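Trainee: Handing you a structure now.
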Amino acid sequence: DAGVIQSPRHEVTEMGQEVTLRCKPISGHDYLFWYRQTMMRGLELLIYFNNNVPIDDSGMPEDRFSAKMPNASFSTLKIQPSEPRDSAVYFCASSFEEWSRNTIYFGEGSWLTVV
Amino acid sequence: AQRVTQPEKLLSVFKGAPVELKCNYSYSGSPELFWYVQYSRQRLQLLLRHISRESIKGFTADLNKGETSFHLKKPFAQEEDSAMYYCALGAGSYQLTFGKGTKLSVIP
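Each protein sequence line maps, in turn, to chains B and V.
If you use the numbering used here, the first sequence corresponds to residues 59 to 173, in order.
If you use the numbering used here, the second sequence corresponds to residues 34 to 141, in order.
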């Protein structure tokens, strides 16, 4: 398996533009997580899904952020409109049930810069 | 609510010196503790978990429930150990709470 696949790897966009980040979890994993990493705040959980259903979105910063998982092999994180303070690395991760006996697998991240 | 504290943002040690990366947690139940490592511009990957009581790349970590700590240790640091290290707490639900991370820099 190629692991968790994220795209784009790098994106530079202007303030006010819409940004869409994509994620393909590991096949067979039924949990999907979106994390944001910044120097100031470290790694923060934004939202996670179980069997394509959003379970906890309390980490989503504000209404400008939205996430969807239309099927078991694809998820998106959208920011509209984007702002410079959204600049960060966004990680997608997936895991199999009984995560405590397995692990959460991370993608390589999407490096977002909003200018 | 659960919380993970890594008091050091940056830790610099000389090659061959012992390393200890501190992690303290706050959780009222029975915790699952993990260490994740992120090498430069790469994905986070699991280093070790307390339930396995294993040693990976020379690193060990012991869960101390009395002190609510899960410090990561290695007796002799290597240059390839330079990375970002995150302590994480699993607490009942299907997610992990991460600390803010400690950047380990091993000086040749």
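By construction, the Cβ of each residue, glycine as well, lies at the ideal position given by its N, Cα and C atoms.
None of these values were measured; they are calculated from a predicted model.
(1) Which class does R67 of chain B belong to by DSSP, given the choice of helix, strand or coil?
(2) Taking Cβ to Cβ, would you say Y106 of chain B is nearer than 7 angstroms to F123 of chain B?
(3) Applying the criterion that 16 or more other CB atoms from any shown protein chain within 10 Å of the CB defines a buried residue, is R67 of chain B buried or exposed?
(4) Who are the neighbours of G91 of chain V on chain B, taking C-beta pairs under 7 angstroms?
(5) For a cutoff of 7 angstroms on Cβ pairs, would you count K163 of chain V as touching chain B?
(6) Whole angstroms are fine: how far does the CA of R80 of chain B sit from the CA of T38 of chain V?
(7) Taking all protein chains shown into account, decide if A94 of chain V is buried (16 or more other Cβ within 10 angstroms of its Cβ) or exposed.
(8) Okay, do the region 38-57 of chain V and the region 129-145 of chain B touch, 3+ Cβ pairs below 8 angstroms being the bar?
(9) Within 10 Å of its beta-carbon, does A60 of chain B have 16 or more other beta-carbons around it, so buried, or fewer, so exposed?
Mentor: So, to answer that:
(1) Annotated three-state conformation of R67 of chain B is coil, per DSSP.
(2) The answer is no: Cβ separation not under 7 angstroms.
(3) So R67 of chain B counts as exposed.
(4) In chain order: nothing, as chain B lies at least about 20 angstroms away.
(5) This structure gives no information on residue 163 of chain V, because the portion of chain V shown stretches from 34 to 141.
(6) Cα to Cα, the separation comes out at about 30 angstroms.
(7) Here A94 of chain V is buried: its Cβ has 16 or more other Cβ atoms, across all protein chains shown, within 10 Å.
(8) Judged by Cβ distances under 8 angstroms, the region 38-57 of chain V makes no contact with the region 129-145 of chain B, as fewer than three pairs qualify.
(9) Classification for A60 of chain B: exposed.
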